[in-house]
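Trainee: Offset between the sequence shown (1-based) and the working numbering: plus 43.
Virtual Cβ for every residue (Gly too), placed ideally from N, Cα, C.
First the structure, then my questions, so here it is.
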Amino acid sequence: MEQLLEQIATYKKEIGAVTVSDAKGVEDFRIKYLGTKGIVKALMGEMKQVAAENKKEAGQLLNEFKQFVENKYEALKESASNGQEPATSALDLTLPGDSLPIGSRHPVILMRNRIVSIFQRLGFAVADGPEIEDDWHNFGALNLPEHHPARDMQDTFYVQQNPDWVLRTHTSNVQIREMEKGKLPVRVVIPGRVYRNETVSARSHCFFHQVEGLYIDEKVSFADLKQTLYFFVKEMYGKDVKVRFRPSYFPFTEPSAEMDVSCFICGGSGCNICKKTGWVEILGCGMVHPNVLTNCNIDPAKYTGFAFGMGIERPAMLKYGINDIRLFSENDLRFLKQFTSAT
Ligand code: DAH
Numbered sequence: 044m045e046q047l048l049e050q051i052a053t054y055k056k057e058i059g060a061v062t063v064s065d066a067k068g069v070e071d072f073r074i075k076y077l078g079t080k081g082i083v084k085a086l087m088g089e090m091k092q093v094a095a096e097n098k099k100e101a102g103q104l105l106n107e108f109k110q111f112v113e114n115k116y117e118a119l120k121e122s123a124s125n126g127q128e129p130a131t132s133a134l135d136l137t138l139p140g141d142s143l144p145i146g147s148r149h150p151v152i153l154m155r156n157r158i159v160s161i162f163q164r165l166g167f168a169v170a171d172g173p174e175i176e177d178d179w180h181n182f183g184a185l186n187l188p189e190h191h192p193a194r195d196m197q198d199t200f201y202v203q204q205n206p207d208w209v210l211r212t213h214t215s216n217v218q219i220r221e222m223e224k225g226k227l228p229v230r231v232v233i234p235g236r237v238y239r240n241e242t243v244s245a246r247s248h249c250f251f252h253q254v255e256g257l258y259i260d261e262k263v264s265f266a267d268l269k270q271t272l273y274f275f276v277k278e279m280y281g282k283d284v285k286v287r288f289r290p291s292y293f294p295f296t297e298p299s300a301e302m303d304v305s306c307f308i309c310g311g312s313g314c315n316i317c318k319k320t321g322w323v324e325i326l327g328c329g330m331v332h333p334n335v336l337t338n339c340n341i342d343p344a345k346y347t348g349f350a351f352g353m354g355i356e357r358p359a360m361l362k363y364g365i366n367d368i369r370l371f372s373e374n375d376l377r378f379l380k381q382f383t384s385a386t
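Below is the structure:
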């Protein structure tokens, strides 16, 4: 009996330390301890030598030991199938990998890229500038002095820390910054986010995106402006679209115009998009005002130039059939996932 107890204790210690790395290890364990010629069977055989009065107790001990071995066997089986096997046998390297969600381009960015790439083909470079701007670059240098009534059309947000700072109302501030560099000619397009203090609705938001353009050189004329924009319209909306210029007013250009294209939804016959007029307004433009050139230390007697500016959201809404401008900034994946191509 003593001897049996000792043996059981030794085996328990030995078994407690067993670990396996694969199914073969588990099977080896089973054969060694639970097999027909295994240790549990052998110990059971030793019952014969146990004195009659101890048989009951010895039987209990052996049953308990057998249970202990069986529990260990189950635990080993589990750990081997839980991937603790060497990676080689669990990995099928011929399977395709898990795909990562990579997202897609935002519709405003798709439209911006389309617009910008057309002007890049004409030799325009892309310029960038700050969204928090001082009064001079957003208004003053653009011939919009303080108290000028045209400032009313572009109310914005002001920075408490510094009353001279505003969130820019157009990307025209970058026109000024490019001209200030003093390197002529200037031929840039300026995409970017702009802000207006407007009531948010399906048609207007307190921030949106623009692409502006600026070309300053000797002898740049209104004819250059028209040819550049004709090319843009053809590339953007197709050969058959008609174009018209309407006289308009911007403080930073003189003369100024607004450019319409024949409605690309109804082809000009009149629909809800063009408000039954057959025309859709797409941009403002004009010849850069001599005061603006002077403000940037450019001699208006020697240099002239044209500028234009357009929103990005409106054409994107028309192209993709989006009926609410707020959808662009709500981060709703169901909306965003629909724009996967660059067209
Ligand atoms: N800044 C104007 C706006 O946001 C658009 C614009 C019109 C820009 C004429 C120009 C321009 O550069 O020449 O309404």
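In angstroms with no decimal places, state the Cα-to-Cα distance between S142 and H332.
Mentor: Their backbone Cα atoms lie some 54 Å apart in a straight line.
Trainee: Start and end of the alpha helix (DSSP H) containing R357?
Mentor: Segment E356 to Y363, the alpha helix (DSSP H) holding R357.
Trainee: From the DSSP output, read off the bridge partner residues of W322.
Mentor: Bridge partners of W322: S305.
Trainee: I need the DSSP call for D267, collapsed to helix, strand or coil.
Mentor: Note: D267 maps to helix in three-state DSSP.
Trainee: Is E255 near the ligand DAH, going by C-beta to nearest heavy atom under 6 Å?
Mentor: Correct: E255 has its Cβ closer than 6 Å to the ligand DAH.
Trainee: Does the beta-carbon of S215, which I'm using as the reference point, lie nearer than 6 Å to any heavy atom of the ligand DAH?
Mentor: Yes, the Cβ of S215 comes within 6 Å of a heavy atom of the ligand DAH.
Trainee: Closest by CA to T320, which one among R287, Q110 and V93?
Mentor: Closest by alpha carbon: R287.
Trainee: Between which residues of its own chain and G348 is the CB-CB distance below 8 Å, once the five residues before and five after are set aside?
Mentor: Excluding sequence neighbours, G348 sits near V229, L257, Y258, I259, D260, V263, M330, V331 and L336.
Trainee: Drop a sphere of 10 angstroms on the beta-carbon of T394, count the other beta-carbons inside from all chains shown, and report buried for 16 or more, exposed for fewer.
Mentor: Only positions 44 to 386 of the chain appear in the structure, and residue 394 is not among them; the question remains open.
Trainee: Spell out the partners DSSP gives T347 in its beta bridges.
Mentor: Partner(s): D260.
Trainee: Can you list, in chain order, the residues of its chain with a C-beta nearer than 7 Å to that of Y116? Leave out the 5 residues immediately preceding and following it.
Mentor: The residues are F72, R73 and L77.
Trainee: State the DSSP-derived secondary structure class of K99, mapped to helix, strand or coil.
Mentor: The answer is helix: DSSP assigns K99 an H, G or I state.
Trainee: Can you tell which of E241, Y346 and V83 has its C-alpha closest to the C-alpha of Q110?
Mentor: Closest by alpha carbon: V83.
Trainee: Going by the C-beta, is C328 closer than 6 Å to any heavy atom of the ligand DAH?
Mentor: Yes, the Cβ of C328 comes within 6 Å of a heavy atom of the ligand DAH.
Trainee: Could you spell out where the alpha helix (DSSP H) holding Y201 opens and where it closes?
Mentor: Careful: Y201 lies outside any alpha helix (DSSP H) and carries neither H nor E.
Trainee: Tell me, which residues are paired with T296 by DSSP?
Mentor: Answer is F293 and V331, bridged to T296.
Trainee: What residue range is occupied by the uninterrupted alpha helix (DSSP H) comprising R76?
Mentor: It is worth fixing the name first, because residue 76 is Tyr in this sequence and not Arg. Careful: Y76 lies outside any alpha helix (DSSP H) and carries neither H nor E.
Trainee: Taking 6 Å as the cut-off, is the C-beta of T242 nearer than that to any heavy atom in the ligand DAH?
Mentor: The answer is no for T242.
Trainee: Is there at least one non-hydrogen atom of the ligand DAH closer than 6 Å to the beta-carbon of G352?
Mentor: Yes - the ligand DAH has a heavy atom lying nearer than 6 Å to the Cβ of G352.
Trainee: Can you give me the C-alpha to C-alpha distance between S372 and R211, rounded to a whole angstrom?
Mentor: Going by the C-alpha atoms only, they are around 18 Å apart.
Trainee: Considering only the alpha carbon of each residue, which of D367, L119, A300 and I341 lies closest to V61?
Mentor: Comparing Cα positions, the closest option is L119.
Trainee: For L104, which of D65, Q203 and Q50 has the nearest alpha-carbon?
Mentor: When only C-alpha atoms are compared, the closest one is Q50.
Trainee: Just to confirm my understanding: we take E223, look at its own chain, exclude 5 residues before and 5 after, and list those with CB closer than 6 Å. What are they?
Mentor: If we look at E223 and ignore the five residues flanking it on each side, its Cβ neighbours are C339.
Trainee: What is the residue span of the alpha helix (DSSP H) that V146 lies within?
Mentor: The residue asked about is misnamed: residue 146 is Gly in this sequence, not Val. Neither: G146 is in no alpha helix (DSSP H) and is coded neither H nor E.
Trainee: Measure the C-alpha to C-alpha separation of M196 and V254 and round it to an integer number of angstroms.
Mentor: The straight-line gap from Cα to Cα measures roughly 19 Å.
Trainee: Which word fits N366, buried or exposed, when buried means at least 16 other C-beta atoms lie within 10 angstroms of its C-beta?
Mentor: So N366 counts as exposed.
Trainee: Measuring CA to CA, which of H190, D178 and V159 is closest to D171?
Mentor: The shortest C-alpha separation from D171 is found at V159.
Trainee: Have a look at C306 and L138 and give me their C-alpha separation to the nearest angstrom.
Mentor: So the alpha carbons of these two residues sit roughly 51 Å apart.
Trainee: Got a sec, what are the start and stop residues for the beta strand (DSSP E) L210 sits in?
Mentor: Its beta strand (DSSP E) spans residues W208 to L210.
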